[in-house]
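Protein chains: 2
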Amino acid sequence: MDDYQELARRVRAQGGRMTPQRQIVLEAISALDGHASANEIYEWVAARAPAVNRATVYRVLRFLCEANLVAPFATDGVMLYELVGARPHHHLVCRGCGHVEPIPAQALDVLVTALCREHGFQAELRHLAITGLCRECRQ
Amino acid sequence: MDDYQELARRVRAQGGRMTPQRQIVLEAISALDGHASANEIYEWVAARAPAVNRATVYRVLRFLCEANLVAPFATDGVMLYELVGARPHHHLVCRGCGHVEPIPAQALDVLVTALCREHGFQAELRHLAITGLCRECRQ
DNA sequence: CGCCTTATTGCAAATCTTTGCAACAAGAAA
DNA sequence: TTTCTTGTTGCAAAGATTTGCAATAAGGCG
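Note that the protein sequences, when read in sequence, are chains C and B.
Heads up, the first sequence is in the numbering used here, so the first residue is 404 and it goes up one at a time.
Heads up, the second sequence is in the numbering used here, so the first residue is 404 and it goes up one at a time.
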């Protein structure tokens, strides 16, 4: 987990306030390997701060997404929330073993340029989750 | 909307049965420009067949997705359901005007081969929704 | 440090979505 | 057409997510 002061600064930069609830949600995601579902996050939080309400966790997650401290990405119907790190990236989600492999954003640059050239479309790819089979699960 | 007999045949090919509920859900999606949210579909169905239960609409949608008659794709947190047409494709969703532009699946082949070559990952891209700005909205 | 503004929270109720189970009905076979 | 099997539905209840509102408290200011 990054420095608390730094996170608080980024929250305030968005006109928001840093609260214990927002802090513990960030801690939860960090503790849960950097990415987790809303429910996993709530369970983790509730285990050490039972007073925190479920609705608050959902609202905090939405706020953190809008503040760009956390990024949502959809895998197989379930929405996962991930800490926004230093560099942008996407995900390869294996349908066999469930493993989530991050790949650098520039791996998709070839696609972005192709879309721009052929459709005049300026793609804004953020945390794309691509499902498929990883090397191991392909046997 | 395709021919009812043809749809019924495809449903039975999956070991399923064609029911009035499944038929009207397919009609609803067709009437709603070929893609709609679960709630939009339920509203449309409820307006002409009030006896159809909400739970049934959700179950029918899931069945149709598994039967490959309908494909789900996520845009901006909302799940949309789309009739599966003749050829596979993806979507360019403009964040400016909201326009949804279908593009042929092979437009992403370059990406699929790159992922396979560089990560040994066999991507299964189905109805990807790529957000960004279309030619017009880029001014 | 204490006050003030207003963003944020907790609570409860509203919505959206899923699930268990008994009754129903699609479609194959007689 | 009638019967039979079993996939589907409706209902109700559980679970997931959002929202309105009054009370709380973060953080700027004096």
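A virtual CB, placed ideally from N, CA and C, is assigned to each residue, including glycine.
What you are looking at is a predicted structure, and each value in this text was computed from that prediction instead of being measured.
Legend entry - Nearest to V487 (chain C) (by Cα), restricted to the options C:Q542, C:N456, C:F476 and C:E521: C:F476
Legend entry - Collapsed DSSP secondary structure at T557 (chain C) in the structure displayed: Since the displayed chain C opens at 404 and closes at 542, residue 557 (chain C) lies outside it and no answer follows.
Inset, instruction - Flag G501 (chain C) as yes if its beta-carbon sits less than 8 Å from any beta-carbon of chain B, otherwise no. - result: no
Inset, instruction - Give the DSSP-derived three-state secondary structure of H522 (chain B) in the structure shown. - result: helix
Legend entry - Proximity below 8 Å, CB of A510 (chain C) to CB of E521 (chain B): yes
Legend entry - Reduced DSSP secondary structure (H/G/I, E/B, other) of L464 (chain B): helix
Legend entry - Amino acids of chain C, ordered along the chain, whose beta-carbon sits closer than 9 Å to that of A526 (chain B): L495, I533, T534, G535 and L536
Legend entry - For M404 (chain B), three-class secondary structure by DSSP: Since pLDDT at M404 (chain B) reaches only 48, below the 50 mark, its modelled position is unreliable, and no value is offered.
Inset, instruction - Compare the Cα-Cα distances from L410 (chain C) to each of C:N471, C:V503, C:T459 and C:H493 and report the closest residue. - result: C:N471
Legend entry - Backbone secondary structure at A439 (chain C) - three-state DSSP: strand
Legend entry - Short CB-CB distance (under 8 Å) between I506 (chain B) and chain C: yes
Legend entry - For C500 (chain C), the three-state DSSP class (helix, strand or coil): coil
Legend entry - Sequence-distant residues of its chain with Cβ nearer than 7 Å to V473 (chain C) (five each side left out): I432, L464, L467, Y484, E485, L486 and V487
Inset, instruction - Compare the C-beta of H438 (chain B) with all C-beta atoms of chain C and state if any pair is closer than 8 Å. - result: no
Inset, instruction - Quick one: residues in its chain with C-beta nearer than 6 Å to the C-beta of Q417 (chain C), no 5 flanking neighbours on either side, listed in chain order? - result: A470
Inset, instruction - Using the Cα positions of R490 (chain B) and E504 (chain B), report the straight-line distance between them to the nearest angstrom. - result: 14 Å
Legend entry - Residues near E443 (chain B) by beta carbon distance below 7 Å, same chain, minus five either side: L435
Legend entry - Span of the alpha helix (DSSP H) around L429 (chain C): P423 to A434
Legend entry - Reference A517 (chain C), options B:A517, B:R412 and B:V513, closest by Cα: B:V513
Legend entry - A449 (chain B) (DSSP reduced to helix, strand or coil): helix
Legend entry - Among C:A449, C:C537, C:L528 and C:H502, the one whose alpha carbon lies nearest that of T534 (chain B): C:L528
Inset, instruction - Identify which residue in C:A526, C:I427, C:L531 and C:D479 has its Cα closest to the Cα of R457 (chain C). - result: C:I427
Legend entry - Beta-carbon gap between L536 (chain B) and Q525 (chain C) smaller than 8 Å: yes
Legend entry - Through-space distance from T459 (chain C) to G437 (chain C), alpha-carbon basis: 20 Å
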